[in-house]
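Read in order, the letters of the sequence shown correspond to residues 37 to 479 in UniProt numbering. A virtual CB, placed ideally from N, CA and C, is assigned to each residue, including glycine. Below: one structure, written as structure tokens.
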Amino acid sequence: QSGDLQGYAPICLGLEDFYIRRLYNRIQDCFGRPISSAPDAWFDVVERYSNDNNKTLKRTTKISRCLNLGSYNYLGFAASDEYCTPRAIESLKKFSPSTCSSRVDGGTTTLHKELEECVANFVGKPDAMVTGMGYVTNSAILPVLVGKGGLIISDSLNHNSIVNGARGSGATVRVFQHNTPSHLEKVLREQISEGQPRTHRPWKKIIVIVEGIYSMEGELCQLPEIVAICKKYKAYVYLDEAHSIGAVGKTGRGVCELLGVDTADVDIMMGTFTKSFGSCGGYIAGSKEVIQYLKYTCPAHLYATSVSPPAAQQIISAIKVILGEDGTSRGAQKLARIRENSNFFRSELQKMGFEVLGDNDSPVMPIMLYNPAKIPAFSRECLKQNVAVVTVAFPATPLLLARARICISASHTKEDLLRALEVISRVGDMVGIKYFPAEPSKQ
Ligand code: PMP
């Protein structure tokens, strides 16, 4: 940890980037071809059956239908839905696929206004602003929120969009050890003293940036502790809920709801619509003043085409279903289901002897492979048995911490999960990645 922002960079090993790359190339050479182009180990182009609830990917190289364990479709809304789909089609007819305008030049439809109100209400903040892309929400908004003379303190495993936003802001950037509140406090203490009023500090502004669920680790943020430290040192909290909004919490309102944190204590709440809501775009929610300021200054609001109307309608409808405003209990059932599915799958994998990262309730569960050489074999064998998993390696993870990353959805049935467990167990034995003794099965 050099104090510079690492993002998804490889960690230490005492090696320079250059040597890590050479080592990685050597590993690729051992396969006789670049790992990333092993054609039968990856699903390069897929056809998706949208009415098949996250279950089917049709690979175009070899026609086979797969159980999809790689999609962020946490609540199953990225499929034909009895409430969302007809409304999205109506909005397509009424507003067309694109506004072809930025928000300030005629690209704000009644749907965009409704969406912002709906999102602010859902996440528990006075106001919200939506943008056409989650990635851009971080990378374009951070430079507007903080600049030269400001200090960003970022979790070492924050997403690349945060890393880019922080770098582009011109603020000084410090990194704290992943999800470690005590280290965050140490970094803060190096910069300011406890109780020092904001006006007497060497920094114009201090923003601490964390994620609700870390997408490569499956871990929940230590939010209550982090919020308490930020209060003590009067630092702002910026929370990226890309993987947690809609996916966790009793009513799907994310990690604040799950961990009992008052949303008033989180200054900026950011999230994306590409996961639990089955749509596109991103949001930022905060006080009326902050959102108004962003709407006047943020390039993503002023110069980028507004969210596609059918995508906006999809998000509004999905939130209504989650909240039961469609007149059914489908939303509550989905939330109960994703929690049940995630906790069942995680505990079964652990019983089999796999090393699974992350916390209970998190639908993201990385299975450690460690050696990147195991990636193609694991991926290929699962695919052969029609289970599609995503594998991640350097530079998205440190070089020797390669993993398969499973994403569980509310739309997976018990049969889907049992079949996937059977396949993963067999392939795990074959590839040699059961690092712990298996628990004897109870009869
Ligand atoms: N933040 C986090 C934590 C993410 O994981 C991602 C993408 N998975 C983004 C932001 C960017 O979101 P999008 O893919 O919706 O652009």
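Residue i beta carbon near ligand 3 (any heavy atom closer than 7 Å)
i: Asp276; result: Judged by which ligands are present, ligand 3 is missing from the structure shown, whose ligands are ligand 1.
Rounded C-alpha distance that separates residue i from residue j
i: residue 10; j: Val159; result: Only positions 37 to 479 of the chain appear in this structure, which leaves residue 10 out of reach.
i: Thr208; j: Gly186; result: 6 Å
i: Gln328; j: Ala176; result: 16 Å
i: Leu393; j: Arg439; result: 10 Å
i: Met165; j: Asp395; result: 30 Å
i: Thr146; j: Ile411; result: 47 Å
i: Tyr269; j: Val244; result: 11 Å
i: Ala446; j: Arg375; result: 8 Å
i: Lys331; j: Cys154; result: 17 Å
i: Arg101; j: Phe309; result: 26 Å
i: Pro473; j: Ser378; result: 22 Å
i: Pro179; j: Cys418; result: 42 Å
i: Gly317; j: Val426; result: 22 Å
i: Ser218; j: Cys136; result: 48 Å
i: Tyr274; j: Gly254; result: 19 Å
i: Pro431; j: Arg203; result: 18 Å
i: Tyr339; j: Gly142; result: 12 Å
i: Gly464; j: Glu325; result: 52 Å
i: Gly363; j: Ser353; result: 12 Å
i: His195; j: Ile242; result: 19 Å
i: Arg123; j: Gln349; result: 7 Å
i: Val291; j: Asp452; result: 27 Å
i: Gly282; j: Ile358; result: 8 Å
i: Pro238; j: Phe414; result: 51 Å
i: Gly170; j: His148; result: 16 Å
i: Val140; j: Ala278; result: 26 Å
As assigned by DSSP and simplified to three states, the class of residue i
i: Cys154; result: helix
i: Glu384; result: helix
i: Gly307; result: strand
i: Asn104; result: strand
i: Glu247; result: strand
i: Lys450; result: helix
i: Tyr471; result: coil
i: Ala283; result: coil
i: Phe212; result: strand
i: Ser218; result: helix
i: Asp276; result: strand
i: Tyr269; result: coil
i: Pro402; result: strand
i: Gly68; result: Confidence in Gly68 is poor, its pLDDT being 48 and thus under 50, which makes the residue's placement too unreliable to answer from.
i: Leu264; result: The sequence shown places Ala at residue 264, rather than the Leu named in the question. Correct three-state label for Ala264: helix.
i: Thr173; result: helix
i: Pro476; result: coil
i: Ser73; result: Caution is warranted here: a pLDDT of 44 is assigned to Ser73, below 50, making its placement in the model unreliable, and the coordinate value is therefore given only provisionally. The answer is helix: DSSP assigns Ser73 an H, G or I state.
i: Thr427; result: strand
i: Val392; result: strand
i: Val459; result: helix
i: Val159; result: helix
i: Gly464; result: helix
Minimum C-alpha distance to residue i - residue among the options
i: Gln421; options: Phe212, Leu453, Ile460; result: Ile460
i: Ile351; options: Ala446, Val423, Ser190, Gly307; result: Gly307
i: Pro402; options: Phe381, Ser344, Leu111, Glu417; result: Phe381
i: Ser280; options: Val263, Gln227, Cys443; result: Cys443
i: Thr167; options: Lys370, Gly322, Lys184, Ala336; result: Ala336
i: Tyr272; options: Pro346, Glu226, Ile304; result: Ile304
i: Ala470; options: Pro431, Asp452, Met388; result: The amino acid at residue 470 is misidentified as Ala; the sequence shows Lys. Nearest option by C-alpha distance: Met388.
i: Val400; options: Tyr110, Leu103, Thr433, Ser229; result: Tyr110
i: Gly201; options: Gly183, Asp301, Glu126; result: Gly183
Terminal residues of the beta strand (DSSP E) in which residue i lies
i: Ile444; result: That residue, Ile444, is in no beta strand (DSSP E); it is neither H nor E in DSSP.
i: Ala164; result: 163-167
Alpha helix (DSSP H) segment containing residue i, residue limits
i: Pro434; result: Taken as a continuous stretch (DSSP letters only), Pro434 belongs to no alpha helix (DSSP H), as it is neither H nor E.
i: Ile228; result: Per DSSP, Ile228 belongs to no alpha helix (DSSP H) and is neither H nor E.
i: Val297; result: That residue, Val297, is in no alpha helix (DSSP H); it is neither H nor E in DSSP.
i: Arg416; result: 410-420
Within the segment 318-390, ranges of the beta strand (DSSP E) (whole runs, at least 3 residues)
318-322
In chain order, which beta strand (DSSP E) runs of at least 3 residues are fully inside the segment 106-143?
none
Ordered list of alpha helix (DSSP H) runs contained in the segment 180-207, each at least 4 residues:
196-205
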